[in-house]
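In what follows, a structure is listed as structure tokens, so that the remarks can point back to it.
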Amino acid sequence: MKTITCLLVFLIFHWSYSQDFRYGKVSTEELQEIQNPKDPEANATILYVNHKTYYDYNSNDGFVQVTDVFKRIKIYNKDGFDWATETIRVRENGSKRENVVGLKATTYNLVNGKIEETKLKKDGIFNEKVNKFLNNQKFTMPNIKEGSVVEFEYRITSPYMSIDDVNLQYGIPIKELEASVRIPEYFNFNKFVNPRATYIPKINDVQVLRTENVDSKNRTHNGKTSTTTFSSNTWEFKENKTEVKASNVPALKNEEYVSNLNTYRTKLVWEYAFFRDPNGSYTNYATTWDEVAKTISKESDFGGQLKQSHYFEEDVTMLLKDAKTDLEKINLIFNFVKSKVKWNNYFGYITENGVKQAYKEGSGNVADINLMLTAMLRFAKINANPMLISTRANDIPLFPGTGGFNYVVAAVEMQNDVIVLDATDKFSTPNVLPIHAINWQGMIVKESGTSAWYDLTPKEAVREVVILNAKINDDFTIDGKVKHQMTSFAAKDFRSKHQNFSADEKLLEVEKDKGEIEITNYDIKDQHDVHQPLVYVFDYSLKSGVEKIGDKVFVTPMLFFALKENPFKQDKRNYPIDYIYPYNDKYQVNIMIPEGYAVESMPESMVVQFNDSEGEFKYIANENGKMLQFVITIDLKQSLILPEDYADFKQFNQLMTDKQSEKIVLKKI
């Protein structure tokens, strides 16, 4: 009986601890918790989150969308401090603007056995402009320590009818989650659960009755007198309610080579389909991608910008006076825009200041620059159109809508091919876009108002060639030379990364992860000429490349270029591996062995394939007197590896890693 009583007391205590989620009711037990019992590796845990979206009604504004958010988060260690910052997306369009109200936030710490509270002050709240139509309101909780609990709540009032995604999963585990969306029967939405998510909670859909008291005022005139009467009517209508309650929601954990983790987040996504008023009048909002293209092309900040040409006509005419072919014209205009207008780091398919102003000031957002580029190409009689894109961070849209895009580039159609151009990046070349713009498909918006889809996945392999010459000295150091050539995206990424490096920083970068190495005569060729492959060369002296045991010498042929470990360690993969582009890497290694030594053994030649030649690793070894020669190629034709192929791909990488770690064995003669 005593055991039963103790168990009952424990259950009552546990229930009260886990259920009291009123603001300010943080418990000592929550502050004392040192790890999540279900996920001990978590750096933080959402103890409780409540997300409610509904529509208030008042006589002046009608229905107004309201979203209430409450979160309580436990911070276990310093790596969890990022969860003490909250970002609230705020939409605006002219006079229509969402508002954040009722924000309050508190940090709780346990100090000498007592709970200490630190409230968020106004100077901890700041705004961050994303683009013309979007701002982020951010705040960081004060007095964060290992073991802190933070909680905050706020309300967003919105004049818009569309509903933002409702996240049901985060990068850390959730102990208790509640989410609800209540929609009056007049607003009809199509609801989607993210089909790419791996965790799906139980979702309840019910219809409930709602009653509103509507006050009205009526004024009548009779000669010089007027009479005002007030009345109150009861309005009854139905609401469609979606509700989710879940415990112990697993964290959305990152994996190597994932393009955008948000693509796989468990969330509810809402498409505004149609509005039907109480009298039965019907307005359709669901659309097709063709209709989206037509809508966007009619906007003055998009289609209207493409019609303007007077501001550049004289300059472009002079620029093209000696051009003979369309390809010459394309390259001249592309390079001219890249040098003329600098990107201000703002995304958007709608212009920020307008193309004319951007041309004059030499600065603009993505749309300012690439719509200007498109207009110039059309002026030169090139078949160019804008291409709408959803960036990697913007995810892949589940249904047609203007919100599915946040970027625009220029697309030239010629000879049954498409050349894609982005003039926001000075190191970009035709069909070599910034990585953030390579996502899913682009939609080409033609002058006729029609549209066409284009697969943005790079088709040509990115090639890198490394020539590694090495001479093993009598003291078992290694001297040699390296020549590394790269094309396409690899060259662009290298140029972008190194553009602001000092000479010392460039040297440190090339020395990184190469052991006890001294590099001299380091030189980068064609660093700024994007039309040429990028090449860097250096001489080196390596102290750590040879292992001597007794009268034998061991050396890895690829030296510091060899893979140190397989990047894929987990047994199971949840999400696709995204390399972004196919690639072909080739290493030509020439090793001169020292006098007095001969080869006892060396790695054998081999070829390994993945998934019927979608990937191939080839290792060719040859002994030619004192010169040992190796040619190693890694060819990946498919840049996206699906989870069902992960086990085979992991094994493919393990075989490559193992082979690259094999050693030449030299014996003294």
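The working numbering puts the first residue of the sequence shown at 1171, with every later residue one more than the last. Where a beta carbon is used, it is the ideal one built from N, C-alpha and C, also for glycine.
Ignoring anything shorter than 4 residues, give me the alpha helix (DSSP H) runs that lie fully in the stretch 1556 to 1604, in order along the chain. none
Who are the Cβ neighbours of Thr1173 in its own chain at under 8 Å, not counting the five residues just before and after it? The residue you call residue 1173 lines up with position 3 of the sequence shown. Low per-residue confidence applies at Thr1173: pLDDT is 44, beneath 50, and the placement is therefore not dependable enough to give any value.
Starting from the C-beta of Ser1417, find all residues in its chain whose C-beta is less than 7 Å away, skip the five residues before and the five after it, and write them out in chain order. The residue you call residue 1417 lines up with position 247 of the sequence shown. Result list for Ser1417: Lys1345, Glu1346, in chain order.
With which residues is Thr1327 paired in a DSSP beta bridge? For the purposes of this step, residue 1327 is taken as residue 157 along the sequence shown, with counting starting at 1. Val1236, Asn1269, per the DSSP bridge assignment.
Look at the alpha carbon of Asp1334 and the alpha carbon of Phe1359, and state the distance between them as a whole number of angstroms. Locating residue 1334 in the sequence shown gives position 164, where the first residue counts as 1. Locating residue 1359 in the sequence shown gives position 189, where the first residue counts as 1. One C-alpha to the other measures close to 12 Å.
For Leu1568, which residues from the same chain have a beta carbon less than 6 Å from its beta carbon, with the 5 sequence-adjacent residues on both sides left out? Within the sequence shown, residue 1568 is the residue found at index 398, counting from 1. Closer than 6 Å at Cβ, skipping near neighbours: Phe1362, Val1439.
Please list the terminal residues of the continuous alpha helix (DSSP H) segment that includes His1668. As a position in the sequence shown, residue 1668 is number 498, starting the count at 1. Looking at the DSSP string, the run of the alpha helix (DSSP H) that includes His1668 is 1658 to 1668.
Using the C-alpha atoms, what's the distance from Arg1446 back to Pro1365? Here residue 1365 refers to the residue found at position 195 when the sequence shown is read from its first residue. Here residue 1446 refers to the residue found at position 276 when the sequence shown is read from its first residue. Distance between the alpha carbons of Pro1365 and Arg1446: 28 Å.
How should Ala1528 be labelled, buried or exposed, when 16 other C-beta atoms within 10 angstroms of its C-beta is the threshold for buried? Counting from one through the sequence shown, the residue named residue 1528 turns up at place 358. Flag for Ala1528 reads buried.
Am I right that Lys1837 and Asp1721 are in contact with their C-beta atoms under 8 Å? What's the rounded C-beta distance? On the sequence shown, position 667 is the one that residue 1837 refers to. On the sequence shown, position 551 is the one that residue 1721 refers to. With a Cβ gap of about 6 Å, Lys1837 and Asp1721 count as contacting.
Which residues DSSP lists as bridging Arg1548, in chain order: Locating residue 1548 in the sequence shown gives position 378, where the first residue counts as 1. DSSP, once it has assigned bridges, lists no residue as partnering Arg1548.
If you run the structure through DSSP and keep just helix, strand and coil, what is Tyr1710? For the purposes of this step, residue 1710 is taken as the residue at position 540 of the sequence shown. Residue state, collapsed to three classes: strand.
Near Glu1426, which residues of its chain fall below 7 Å by C-beta distance, leaving aside the five closest residues on each side in sequence? Translated into the one-based positions of the sequence shown, residue 1426 becomes position 256. So the qualifying residues of the chain are Pro1737, Phe1738.
Three-state secondary structure (DSSP) at Leu1378? Looking up residue 1378 in the sequence shown gives position 208. The sequence given here places Val at residue 1378; Leu does not occur at that position. Here Val1378 sits in strand by DSSP.
Limits of the unbroken alpha helix (DSSP H) element including Gly1473: Stepping through the sequence shown from its first residue, residue 1473 is reached at position 303. Taken as a continuous stretch (DSSP letters only), the alpha helix (DSSP H) holding Gly1473 covers 1473 to 1476.
Give the range of the beta strand (DSSP E) segment to which Gln1799 is assigned. Here residue 1799 refers to the residue found at position 629 when the sequence shown is read from its first residue. 1797 to 1806 is the span of the beta strand (DSSP E), which, as asked, contains Gln1799.
Sort Ile1839, Phe1822, Ile1353, Asn1601 by Cα distance to Gly1785 and report the nearest one. In the sequence shown, counting from the first residue as 1, residue 1785 sits at position 615. The shortest C-alpha separation from Gly1785 is found at Phe1822.
Given Val1179, which residues of its chain have a CB within under 7 Å of its CB, disregarding the five upstream and five downstream residues? For the purposes of this step, residue 1179 is taken as residue 9 along the sequence shown, with counting starting at 1. Confidence at Val1179 is low in this model, with a pLDDT of 41, below 50, so the placement of that residue should be treated as unreliable; the coordinate-derived value is given next. Excluding residues within five positions, none has a Cβ falling inside 7 Å.
Run through the DSSP bridge pairs and tell me what Thr1257 is partnered with. The count along the sequence shown starts at 1 and reaches residue 1257 at position 87. BP columns for Thr1257 point to Lys1308.
Can you find the residues in the same chain that come closer than 7 Å, C-beta to C-beta, to Asn1337, ignoring five residues on each side of it along the sequence? As a working mapping, residue 1337 is identified with position 167 in the sequence shown. Arg1435, Lys1437.
Give me the Cβ distance between Trp1513 and Thr1594, rounded to the nearest whole Å; I'm assuming they're in contact under 8 Å. Taking the sequence shown and counting its residues from 1, the one referred to as residue 1513 is at position 343. Taking the sequence shown and counting its residues from 1, the one referred to as residue 1594 is at position 424. About 4 Å; that satisfies the 8 Å criterion.
Buried or exposed for Ile1834, please, with buried defined as at least 16 other CB atoms from any protein chain shown within 10 angstroms of its CB. Taking the first residue of the sequence shown as 1, we reach residue 1834 at position 664. Buried is the call here.
Under 8 Å Cβ to Cβ from Val1707, same chain only, skipping five residues before and after it: list those, please. For the purposes of this step, residue 1707 is taken as residue 537 along the sequence shown, with counting starting at 1. Only Lys1651, Val1652, Lys1653, His1654, Asn1691, Tyr1692, Asp1693, Lys1695 meet the Cβ criterion.
Which of the three DSSP states, helix, strand or coil, is assigned to Leu1217? Here residue 1217 refers to the residue found at position 47 of the sequence shown. Looking at Leu1217 - three-state DSSP - the assignment turns out to be strand.
Alpha-carbon to alpha-carbon, Thr1726 and Asp1828: One-based indexing of the sequence shown puts residue 1828 at position 658. One-based indexing of the sequence shown puts residue 1726 at position 556. Using only the alpha carbons, I get a separation of about 11 Å.
Taking the beta carbon of Gln1235 as the centre, do at least 16 other beta carbons fall within 10 Å, making it buried, or is it exposed? Numbered from 1 along the sequence shown, position 65 holds the residue referred to as residue 1235. When all chains shown are included, Gln1235 counts as buried.
Buried or exposed, going by whether 16 or more other CB atoms sit within 10 Å of the CB of Asp1644? To locate residue 1644, count along the sequence shown from 1; it is residue 474. Exposed: under 16 other Cβ atoms inside 10 Å.
Could you tell me the alpha carbon to alpha carbon distance between Leu1181 and Tyr1218, rounded to whole angstroms? In the sequence shown, counting from the first residue as 1, residue 1181 sits at position 11. In the sequence shown, counting from the first residue as 1, residue 1218 sits at position 48. With a pLDDT of 40 at Leu1181, under the threshold of 50, the modelled position of that residue is not reliable, and no figure is offered here.
Same chain, Cβ closer than 8 Å to Lys1526, five either side skipped, listed in chain order: As a working mapping, residue 1526 is identified with position 356 in the sequence shown. Once the five neighbours on either side are set aside, the close Cβ partners of Lys1526 are Gln1478, Tyr1481.
Which value, in whole angstroms, describes the spacing of the CA atoms of Glu1298 and Asn1305? As a working mapping, residue 1298 is identified with position 128 in the sequence shown. As a working mapping, residue 1305 is identified with position 135 in the sequence shown. In a straight line, the C-alpha of Glu1298 is about 6 Å away from that of Asn1305.
Could I get the ranges of all uninterrupted beta strand (DSSP E) runs contained in the stretch 1417 to 1458, with 3 residues as the minimum, in chain order? 1437 to 1446, 1452 to 1454
Glu1793 - containing beta strand (DSSP E), residue span: In the sequence shown, residue 1793 corresponds to position 623, counting from 1. It spans 1785 to 1794 - the beta strand (DSSP E) in which Glu1793 sits, taken as one unbroken run.
Comparing the C-beta of Ser1229 with each C-beta of chain C, is any distance below 8 Å? Included in the structure is just one protein chain, with no chain C present.
Mind pulling the beta strand (DSSP E) runs of 3 or more residues that sit fully within the stretch 1717 to 1798? 1722 to 1725, 1753 to 1762, 1767 to 1771, 1776 to 1780, 1785 to 1794
For a test of the three-state rule: what should DSSP assign to Ala1622, helix, strand or coil? Locating residue 1622 in the sequence shown gives position 452, where the first residue counts as 1. Here Ala1622 sits in strand by DSSP.
What distance in whole Å lies between the Cβ atoms of Leu1733 and Met1797, which are believed to be in contact at a cut-off of 8 Å? In the sequence shown, residue 1797 corresponds to position 627, counting from 1. In the sequence shown, residue 1733 corresponds to position 563, counting from 1. About 24 Å separates the two Cβ atoms, so there is no contact after all.
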